[in-house]
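One structure is given below, encoded as structure tokens.
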């Protein structure tokens, strides 16, 4: 009887344990279905023995494939990570220790996600491994954040290492490849509106020259709806996960350019603008040649890199401009000191001569003609000094935006004729015959004194640089504009200097040989623009120069006959 009771108790205990185990297993299976992470199990030897719905939902792998032997799951691991993963798994099985790994797992959409993997052995009471239970946790965003921070830190260190932005951008391009691209390019807008490829990199160094060459064969259509031109025009990024075949021919000059793009490879593409202080400086282009696609994470990283690169370029340019400005200032101060001192020297000599003459004459009257000659010479030097000071004051007014105009009805022909008459002594001294061609009055509403200043500056230059040769001035009207031309047959201006002669403190010739503050044309252009007009220069070295001023606001001929109200 007692034995039977013990047997019944044992049987009841076993049933209870079995039911508890069954419920525990059911809870575990339910957990495997419910959790968002991937949960899996294998037997003691590492063979997949039970289904994992979370694995199949993530990978899209068929059930029979997943349950196919020991390594059916391996086909979902990135090929580059398979060997390492198997070695770590086999080692954990052999030593019966916790399995920890990190690999890329293919998702059902074909993309790979970085996973942190942990598997633990489940032991029986006697210490034998009964099974393995593991979990895959998606750490893609975490790893990407870490990689982004590391990459941007390295890029920032490079960008801040030098003010030679072309060298630093080349270094950054080499960081981008192969981390973020198979090849990349950095293009900057130039001052004349062109485009310069300042840096490029490629996985295969011998292909870098072709990255530069492809731009030379690329004709930018600034109205294009996509591509580099659109990014530079709008300041908006462009992202093509898959580049269509039609993209290759867009903007190509010829088949050679299209062939270059095919050789370089263009499977996926990101182009982001270089923006600083609200200005578009250029663009950064990243390209996967084949096999990979850009996603939103890469786009965000590229935009962050582009912002840092643009800031570096902008700062380097500002430093360069500041350095050049300091150099120009120092040169100007040296020139200004010389120019201001030049009229003072003869003025001092004339005053000394007058004082000596007065002492010699004693109480007697000084010869009036000699006195007038001395005074005339002194007055000329004072006038020259006054003009120099006026030029400096005008520059100050222009810089402060306080160049005021006194608008009135002015006959431009009359102003030019007065200036030419006033310059007769200087023209004679320079050996220049000055002629004026003007068919009749050209009247408009302008500032008389400022127009006089414009004509004076242009005629001064013509006499200075065209000494010994004729100087021609003409006034005419064209389409409601007054046109003033000043031609000389002097030394001319090099084509490379034409774009800068209207800038402050600039000159196209040596100051030592021709003097001057380098302000005349700058002030002239500013006055002409303030009057609503334009000025341009044409020149051939050795043959002379022509300055053309166009001013709006000319009165119609009929209106000229009507007295001004």
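In the numbering used here, the protein residues as written are 153 to 717.
Backbone N, C-alpha and C fix where the C-beta goes; we use that ideal spot for every residue, glycine too.
Keep in mind that this is a model prediction, so the values were computed, not measured.
Reduced DSSP secondary structure (H/G/I, E/B, other) of residue 584: Translated into positions along the chain shown, residue 584 becomes position 432. It is coil, neither helix nor strand.
Residue 691: first and last residue of the uninterrupted beta strand (DSSP E) it sits in: Start at 1 with the first residue of the chain shown, and residue 691 comes out as number 539. Looking at the DSSP string, the run of the beta strand (DSSP E) that includes residue 691 is 686-692.
Hey, which unbroken runs of the beta strand (DSSP E) at 3 residues or more fall wholly within the segment 557-640? 559-563, 586-589, 595-599, 623-630, 633-640
Give me the Cα-Cα distance between residue 266 and residue 413, rounded to the nearest whole angstrom. As a working note, residue 266 is residue 114 in the chain shown. As a working note, residue 413 is residue 261 in the chain shown. Using only the alpha carbons, I get a separation of about 32 Å.
Check whether the segment 447-457 touches the segment 338-353, taking contact to mean three or more Cβ pairs, one atom from each stretch, closer than 8 Å. no
Paired residues, beta bridge with residue 286 - DSSP: What you label residue 286 is simply residue 134 of the chain shown in a count that begins at 1. The partner list for residue 286 (beta bridge, DSSP) reads 192, 271.
Whole-angstrom Cβ separation of residue 274 and residue 282, contact assumed at under 8 Å? Position 122 of the chain shown, counting from 1, holds the residue named residue 274. Position 130 of the chain shown, counting from 1, holds the residue named residue 282. Sure, about 5 Å apart at Cβ, within 8 Å.
Using a threshold of 7 Å, state whether the C-beta atoms of residue 422 and residue 374 are closer than that. Your numbering for residue 422 matches position 270 in the chain shown. Your numbering for residue 374 matches position 222 in the chain shown. Not closer than 7 Å, so no.
Cβ pair residue 691, residue 653 closer than 7 Å: To locate residue 691, count along the chain shown from 1; it is residue 539. To locate residue 653, count along the chain shown from 1; it is residue 501. Contact flag unset, no.
In three-state terms, what does DSSP make of residue 446? Residue numbering aside, residue 446 sits at position 294 when the chain shown is read from its first letter. Correct three-state label for residue 446: coil.
Give me the Cα-Cα distance between residue 505 and residue 557, rounded to the nearest whole angstrom. For the purposes of this step, residue 505 is taken as residue 353 along the chain shown, with counting starting at 1. For the purposes of this step, residue 557 is taken as residue 405 along the chain shown, with counting starting at 1. Between residue 505 and residue 557, the C-alpha separation is close to 42 Å.
Sort out for me which residues DSSP pairs residue 338 with in a bridge. In the chain shown, counting from the first residue as 1, residue 338 sits at position 186. Answer by DSSP bridge pairing, in chain order: 351, 436.
Considering only the beta carbon of each residue, do residue 307 and residue 324 sit closer than 7 Å? The residue given as residue 307 occupies position 155 in the chain shown. The residue given as residue 324 occupies position 172 in the chain shown. Cβ atoms of residue 307 and residue 324: closer than 7 Å.
Among all the DSSP beta bridges, which residues are the ones paired with residue 421? As a first step, residue 421 must be located in the chain shown, where it is residue number 269. 392, 439, per the DSSP bridge assignment.
Exposure label - residue 288; buried when at least 16 CB within 10 Å: The residue you call residue 288 lines up with position 136 of the chain shown. Residue 288 comes out buried.
Since residue 368 is in the alpha helix (DSSP H), which residue starts that stretch and which ends it? Position 216 of the chain shown, counting from 1, holds the residue named residue 368. Element bounds for residue 368: 360-368.
Where the beta strand (DSSP E) containing residue 263 begins and where it ends: Along the chain shown, read from residue 1 onward, the residue named residue 263 stands at position 111. From DSSP, residue 263 is part of no beta strand (DSSP E); its letter is neither H nor E.
Which of helix, strand or coil does DSSP assign to residue 414? Taking the chain shown and counting its residues from 1, one reaches residue 414 at position 262. It is helical.
Quick check: what's the CA-CA separation for residue 228 versus residue 199? As a working note, residue 228 is residue 76 in the chain shown. As a working note, residue 199 is residue 47 in the chain shown. The straight-line gap from Cα to Cα measures roughly 16 Å.
Should residue 671 and residue 703 be called a contact, given that it needs their Cβ atoms to be closer than 7 Å? The residue you call residue 671 lines up with position 519 of the chain shown. The residue you call residue 703 lines up with position 551 of the chain shown. Not in contact: residue 671 and residue 703 (Cβ atoms no closer than 7 Å).
What's the gap between the Cα of residue 688 and the Cα of residue 677? For the purposes of this step, residue 688 is taken as residue 536 along the chain shown, with counting starting at 1. For the purposes of this step, residue 677 is taken as residue 525 along the chain shown, with counting starting at 1. Roughly 9 Å between the two C-alpha positions.
Neighbour-count burial assignment, residue 460, 16 or more Cβ in a 10 Å radius: Your numbering for residue 460 matches position 308 in the chain shown. Residue 460 is buried by the Cβ-count criterion.
Using the Cβ count rule (16 or more neighbours within 10 Å means buried), how would you classify residue 465? Indexing the chain shown from 1 puts residue 465 at position 313. By the 10 Å Cβ count, residue 465 comes out buried.
How far does the beta strand (DSSP E) with residue 699 in it extend, from its first residue to its last? The count along the chain shown starts at 1 and reaches residue 699 at position 547. Taken as a continuous stretch (DSSP letters only), the beta strand (DSSP E) holding residue 699 covers 696-704.
Give the single residue among 292, 264, 467, 351 whose Cα lies nearest to the Cα of residue 313. Within the chain shown, the letter at position 161 stands for residue 313. Comparing Cα positions, the closest option is 467.
Can you grab the Cα-Cα spacing for the pair residue 638 / residue 355, in whole Å? Here residue 638 is taken as the residue at index 486 of the chain shown, counted from 1. Here residue 355 is taken as the residue at index 203 of the chain shown, counted from 1. If you take the alpha carbons of residue 638 and residue 355, they lie about 58 Å apart.
Measure the C-alpha to C-alpha separation of residue 432 and residue 349 and round it to an integer number of angstroms. Indexing the chain shown from 1 puts residue 432 at position 280. Indexing the chain shown from 1 puts residue 349 at position 197. Straight-line Cα distance between these residues: approximately 15 Å.
C-beta atoms of residue 575 and residue 611 nearer than 7 Å: The residue given as residue 575 occupies position 423 in the chain shown. The residue given as residue 611 occupies position 459 in the chain shown. Taking 7 Å as the Cβ cut-off, residue 575 and residue 611 qualify as a contacting pair.
Take residue 238 and list the residues in its own chain whose beta-carbon comes closer than 8 Å to its own, dropping the five residues that flank it on each side. For the purposes of this step, residue 238 is taken as the residue at position 86 of the chain shown. Closer than 8 Å at Cβ, skipping near neighbours: 223, 226.
On a Cα-Cα basis, can you pick out the residue from 617, 595, 620 that is closest to residue 628? Residue mapping note: residue 628 aligns to position 476 of the chain shown, counting from 1. Of the listed residues, the one whose Cα sits closest to residue 628 is 595.
Quick one: is residue 255 buried, meaning 16 or more other Cβ sit within 10 Å of its Cβ, or exposed? Indexing the chain shown from 1 puts residue 255 at position 103. Result: buried.
When burial is assigned at 16 or more other CB atoms within 10 Å of the CB, is residue 436 buried or exposed? For the purposes of this step, residue 436 is taken as the residue at position 284 of the chain shown. Label assigned to residue 436: buried.
Tell me which residues share the same chain as residue 665 and place their Cβ nearer than 6 Å to its Cβ, disregarding the 5 neighbours each side in the sequence. As a working mapping, residue 665 is identified with position 513 in the chain shown. With a pLDDT of only 42 at residue 665, under 50, the local geometry of the prediction cannot be trusted, and the value read off the model is given with reservation. For residue 665, where only same-chain residues beyond five positions count, there are no Cβ hits under 6 Å.
Continuous beta strand (DSSP E) assignments of at least 3 residues falling wholly in the segment 190-249: 190-195
Report the option in 301, 635, 361, 618 whose CA atom is closest to the CA atom of residue 583. Position 431 of the chain shown, counting from 1, holds the residue named residue 583. If we check each option's Cα against that of residue 583, 618 comes out closest.
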